[in-house]
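Before any comments, here is the structure.
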Amino acid sequence: MKERIVLDTNCLILSLPPKSRYHKTWEAIIRGQYVLCVSNEILEEYEEIISRFWGKDIADYVMNIIINNTTTYFMDPFFKYKLIDADPDDNKFVDCAITSNARYIVTEDRHFDVLRQIDFPKVDVIGIDEFLHEVENA
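Mapping of the sequence shown onto this note's numbering: residues 259 to 396, in sequence order.
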């Protein structure tokens, strides 16, 4: 069974440009090596931030890929865990990871470090370099 992951927006942005050293992570996701877990809130943030960086056309293109990918897992958490106080907006990724039983959240955001100190519900977090290493050695 393919691993379920949650991809923080900062790592999605790092992985999209074809010349990015992290582009292999995006390719692994769209090829279906991993199940990308998303909620409506996450999709809205993806679209907003991609539009800000590269415009609406690119955002629409990327969103279309994510939405139509057969290994994208759509879910909307019915419970809000509120585990991150420093940036409550990041909790949407945590809630998605818990509800979808994701293996981990891929992020470069230090606000997620607090999750390493929480035993329940357990949410693992890795950086994009570690995820890239996993992708390259799969």
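Cβ atoms here follow ideal geometry from the backbone N, Cα and C, with glycine treated the same way.
Need the endpoints of the beta strand (DSSP E) that residue i sits in, please.
i, result
"Y280", "Neither: Y280 is in no beta strand (DSSP E) and is coded neither H nor E."
"E261", "261-265"
Give me, in chain order, the residues of the same chain whose beta-carbon lies closer than 8 Å to that of residue i; leave out the 5 immediate sequence neighbours on both sides.
i, result
"A355", "V264, C295, Y362, I363, V381"
"K340", "P346, N349"
"F311", "I271"
"E394", "K282"
"I323", "I288"
Taking 7 Å as the cut-off, does the CB of residue i come closer than this to any heavy atom belonging to the ligand GTP?
i, result
"W312", "For the structure depicted, the ligand GTP is absent and the ligand set is empty, with no information on it obtainable."
Would you give the residue range spanned by the alpha helix (DSSP H) that residue i belongs to?
i, result
"R310", "298-312"
"I376", "First-last for I376: undefined, no H or E at that position."
"E394", "386-394"
"F351", "349-358"
Just verifying my parser: in three-state terms, what is the DSSP assignment at residue i?
i, result
"F332", "strand"
"V293", "strand"
"E381", "The displayed chain sequence assigns Val, not Glu, to residue 381. The answer is coil: DSSP assigns V381 none of H, G, I, E or B."
Closer than 7 Å by C-beta to residue i: which residues in its own chain qualify, once you throw out the five before and the five after it? Chain order, please.
i, result
"I316", "I308"
"A286", "Y292, V393"
"D334", "S297, N298"
Just to confirm my understanding: we take residue i, look at its own chain, exclude 5 residues before and 5 after, and list those with CB closer than 6 Å. What are they?
i, result
"V320", "I308"
"T329", "G290, V293"
Examine the Cβ distances between the stretch 351-361 and the stretch 304-323 and report whether three or more of them are shorter than 8 Å.
-> These segments do not touch.
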